[in-house]
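With our numbering as the guide, the letters of the sequence shown map in order to residues 45 to 340. To start, the structure under review is shown below, and the notes come after it.
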Amino acid sequence: VEGELLNYKLDSGLMYPTEYGKSLLDRLIKLETAREEAELFLQETKAALLEARKQYEKEEEEIISSKVIGNNPIVTANKQKLVELEIELSSLLEIYTEKHPKVIETRQKIEKIKEVLANTVEEMITSRNETINPVYQGLKQKISTLETNIITAEARLRSLEKGLRNQETELKKLPSMELELLRLERKRKVAENIYLILMERREEIQIQQSMESSDIVVLDSAIINEEAVKPRKIMNMAVAVVLAAFLAVFVIFLQYYFDTTVKEEEDIRRVTGLSVIGIIPDLAKVNHNQAYGVDK
Numbered sequence: 045v046e047g048e049l050l051n052y053k054l055d056s057g058l059m060y061p062t063e064y065g066k067s068l069l070d071r072l073i074k075l076e077t078a079r080e081e082a083e084l085f086l087q088e089t090k091a092a093l094l095e096a097r098k099q100y101e102k103e104e105e106e107i108i109s110s111k112v113i114g115n116n117p118i119v120t121a122n123k124q125k126l127v128e129l130e131i132e133l134s135s136l137l138e139i140y141t142e143k144h145p146k147v148i149e150t151r152q153k154i155e156k157i158k159e160v161l162a163n164t165v166e167e168m169i170t171s172r173n174e175t176i177n178p179v180y181q182g183l184k185q186k187i188s189t190l191e192t193n194i195i196t197a198e199a200r201l202r203s204l205e206k207g208l209r210n211q212e213t214e215l216k217k218l219p220s221m222e223l224e225l226l227r228l229e230r231k232r233k234v235a236e237n238i239y240l241i242l243m244e245r246r247e248e249i250q251i252q253q254s255m256e257s258s259d260i261v262v263l264d265s266a267i268i269n270e271e272a273v274k275p276r277k278i279m280n281m282a283v284a285v286v287l288a289a290f291l292a293v294f295v296i297f298l299q300y301y302f303d304t305t306v307k308e309e310e311d312i313r314r315v316t317g318l319s320v321i322g323i324i325p326d327l328a329k330v331n332h333n334q335a336y337g338v339d340k
C-alpha cells in the first residue's frame with residue numbers, strides 16, 4: 045500500500061491533500077477503524093457465544109435460541125431504541141467531546157437499555173428450567189451477556205456504516221486526483237490501525253493464556269532490609285561540612301582578590317613606587333593619649 049501511494053504521489057505530483065480533504069480523511073479513518081474494531085469484536089463475541097452454547101447443550105438439552113429472544117416484544121423495542129441511541133451518539137461525537145453533557149446523557153441511556161436487555165434475557169432463560177446447577181447458571185449468564193453484546197455491536201456497526209456513507213458522499217465532491225490520493229492514504233492508515241489492533245489483541249490473548257497455564261513457584265523469598273536506604277545522615281553531614289569549608293575559602297579569596305583599597309604604607313610604595321614621608325591620621329579616630337607608632 046505504501047509503495048502504491050508513493051508511486052501515485054510521484055506520478056501525479058500531488059503530495060498533500062487540501063485542509064478540507066485532510067479533515068474528511070481523518071474522520072473517515074476514525075470511522076473505518078472503529079468499524080473494523082467493532083466488526084472484530086462482533087466476530088469474537090459470536091464465536092464465544094457459539095462455544096458457550098455448545099457447552100450449554102452438554103449441561104441442558106433445552107436452550108434459549110436467539111430467535112426466542114428476538115420474538116420477545118420488550119427485547120425488540122429495546123433493540124430498536126438501542127440502535128437509535130447508538131446513531132445519536134455517533135452524531136454527537138462528531139460535534140462534541142466525551143465530556144459534553146449530551147454525550148454523557150446518551151451513554152447513560154444506552155447503559156440503561158443494556159441492563160434492561162440483560163434482565164429480559166435472564167428471565168427468559170431462567171424460566172426454562174426450575175432446577176439449575178452451578179455450571180448451567182454460569183453458562184446461562186454468559187450467554188445472556190454475549191447476546192446483549194452482539195445486539196450492541198450490531199447497532200454500533202450500523203451506526204458507523206451510516207456515518208461512513210455520509211462522509212464518502214462528501215468525499216466524492218473532491219477533484220479526482222485528490223480523491224485518489226485520499227483513497228490511498230485512507231487504505232494505508234486503516235491497514236496500519238487494524239494491524240496495531242490485532243497485535244494488541246494478540247498480546248492480550250498471550251497474557252491470558254500465560255496467566256491460566258503458568259505454574260508459579262517461589263524460588264527465593266524476598267528479604268526485608270531493616271536499614272533505611274535514604275537519607276544517609278552521616279554522609280550528608282560530611283558532604284555539607286566539606287562544601288561549607290570550600291565555599292568559605294572561596295568567598296575569602298574573592299574578597300581579597302577584588303579588594304583594591306590601600307590599607308598600609310607598604311601598599312602605597314608597591315603601587316606608586318614612591319617613598320612615604322608621612323601619614324595624616326583620621327583625628328576623629330586617633331587616641332591622643334597614645335604615642336604614634338606605639339601599640340597599646
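We put the beta carbon where it would ideally sit given N, CA and C, even for glycine. From a predicted model like this one, the values you see are computed outputs, not experimental measurements.
(request) Tell me, to the nearest whole angstrom, how far the beta carbon of Leu-126 is from that of Ala-199; I am working on the premise that it is less than 8 angstroms. (result) As a position in the sequence shown, residue 126 is number 82, starting the count at 1. As a position in the sequence shown, residue 199 is number 155, starting the count at 1. At roughly 5 angstroms, the Cβ-Cβ gap stays under 8 angstroms, so Leu-126 and Ala-199 are in contact.
(request) May I ask which residues mark the beginning and end of the alpha helix (DSSP H) holding Arg-313? (result) Numbered from 1 along the sequence shown, position 269 holds the residue referred to as residue 313. Unbroken alpha helix (DSSP H) run through Arg-313: 309-316.
(request) Would you give the residue range spanned by the alpha helix (DSSP H) that Tyr-128 belongs to? (result) Here residue 128 refers to the residue found at position 84 of the sequence shown. According to the sequence shown, residue 128 is Glu rather than Tyr. First-last of the alpha helix (DSSP H) with Glu-128: 117-137.
(message) If contacts are defined as beta-carbon pairs under 8 angstroms, then Glu-76 and Leu-208 qualify, I think. What distance do you get, rounded to the angstrom?
(response) As a first step, residue 76 is located in the sequence shown; it is residue number 32 there, counting from the start. As a first step, residue 208 is located in the sequence shown; it is residue number 164 there, counting from the start. Contact holds; Cβ gap of about 6 angstroms.
(message) If you follow the alpha helix (DSSP H) that Tyr-300 is in, where does it begin and where does it stop?
(response) On the sequence shown, position 256 is the one that residue 300 refers to. Run containing Tyr-300: 277-302, per the alpha helix (DSSP H) assignment.
(request) Return the residue from the list Val-285, Ser-203, Ala-266 that minimises the CA-CA distance to Ile-131. (result) For the purposes of this step, residue 131 is taken as the residue at position 87 of the sequence shown. Nearest Cα to Ile-131 within the set Val-285, Ser-203, Ala-266: Ser-203.
(message) Applying the 10 Å Cβ sphere with the 16-neighbour rule, what's the burial state of Val-315?
(response) Position 271 of the sequence shown, counted from the start, is the residue given in the question as residue 315. Flag for Val-315 reads exposed.
(request) Below 8 angstroms CB to CB, which residues in the same chain sit around Ile-157 once its five sequence neighbours on both sides are set aside? (result) The sequence position of residue 157 within the sequence shown is 113, counting from 1. Asn-122, Lys-125, Leu-126, Leu-129, listed in sequence order.
(message) Measuring straight from C-alpha to C-alpha, what distance separates Met-279 and Ala-288?
(response) Along the sequence shown, read from residue 1 onward, the residue named residue 279 stands at position 235. Along the sequence shown, read from residue 1 onward, the residue named residue 288 stands at position 244. The alpha-carbon of Met-279 is positioned some 14 angstroms away from that of Ala-288.
(request) Would you mind stating whether Ile-73 and Asn-237 have Cβ atoms separated by less than 9 angstroms? (result) The residue labelled residue 73 in the question sits at position 29 within the sequence shown. The residue labelled residue 237 in the question sits at position 193 within the sequence shown. Yes, they are a contact pair.
(request) Identify, in the order they occur along the chain, each residue of the same chain with its Cβ nearer than 6 angstroms to the Cβ of Asn-193, setting aside the five sequence neighbours on each side. (result) Here residue 193 refers to the residue found at position 149 when the sequence shown is read from its first residue. Correct list, in chain order: Thr-89.
(request) Return the chain-ordered list of same chain residues with a C-beta closer than 6 angstroms to the C-beta of Glu-205, the five sequence neighbours on each side being excluded. (result) Residue mapping note: residue 205 aligns to position 161 of the sequence shown, counting from 1. Cβ neighbours of Glu-205 beyond the five flanking positions: none.
(request) Would you kindly work out how many angstroms separate the C-alpha atoms of Met-281 and Ile-267, rounded to a whole number? (result) Locating residue 281 in the sequence shown gives position 237, where the first residue counts as 1. Locating residue 267 in the sequence shown gives position 223, where the first residue counts as 1. Using only the alpha carbons, I get a separation of about 29 angstroms.
(request) Report the three-state DSSP secondary structure of Ala-78 (helix, strand or coil). (result) As a position in the sequence shown, residue 78 is number 34, starting the count at 1. Helix, per DSSP.
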